[in-house]
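The structure appears below as structure tokens.
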Amino acid sequence: MPQTPVDQQLAVALYRLSRYGNGASLENIAHVAGCSEGSAEAFTDRVFIAIEDLHDLFDRPLTPEEKEAEKAPTHPHITGSGKTE
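For the sequence shown, the working numbering begins at 41 and goes up steadily by one.
Structural data, given as structure tokens:
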């Protein structure tokens with residue numbers, strides 16, 4: 041049996057992640073997505089595995105220059121007292 045297309049797996053996982061309360065049950069997700077509860081769970085697992093596999097491509101330590109830029113005040117015209125200078 042061929043694997044469900046990646047775009048459909050991602051759609052089910054994103055739908056599942058967007059739900060809360062009673063709407064977040066695997067039973068509800070599977071019903072809406074037209075798949076089994078096991079598939080909905082497997083699709084979500086696969087999406088997270090893919091994200092974790094790509095982690096190092098997008099997350100890296102800051103360079104010294106980037107660290108200095110992060111230390112700079114975001115809004116230098118605002119003082120701690122709530123008043124502008």
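Virtual Cβ for every residue (Gly too), placed ideally from N, Cα, C.
This one's a predicted model, so the numbers in the text were calculated from it and none came from an experiment.
Contacting residues, own chain, Cβ-Cβ under 7 Å from residue i (five flanking each side not counted)
{"i": "Tyr60", "result": "none"}
Beta-carbon spacing of residue i, residue j below 7 Å
{"i": "Ala53", "j": "Val87", "result": "yes"}
{"i": "Leu94", "j": "Ala80", "result": "no"}
Residue closest to residue i, alpha-carbon to alpha-carbon, out of the options
{"i": "Gln49", "options": "Asn62, Thr114 and Thr84", "result": "Thr84"}
{"i": "Arg56", "options": "Lys107, His117, Glu77 and Glu110", "result": "Glu77"}
Alpha carbon of residue i to alpha carbon of residue j, nearest angstrom
{"i": "Leu102", "j": "Val72", "result": "42 Å"}
{"i": "Leu97", "j": "Glu105", "result": "20 Å"}
{"i": "Asp47", "j": "Glu92", "result": "18 Å"}
Close Cβ partners of residue i (< 8 Å) along its chain, the five nearest in sequence each way excluded
{"i": "Ala51", "result": "Ala73"}
{"i": "Asn68", "result": "Arg59 and Asn62"}
{"i": "Cys75", "result": "Thr44, Val52 and Phe83"}
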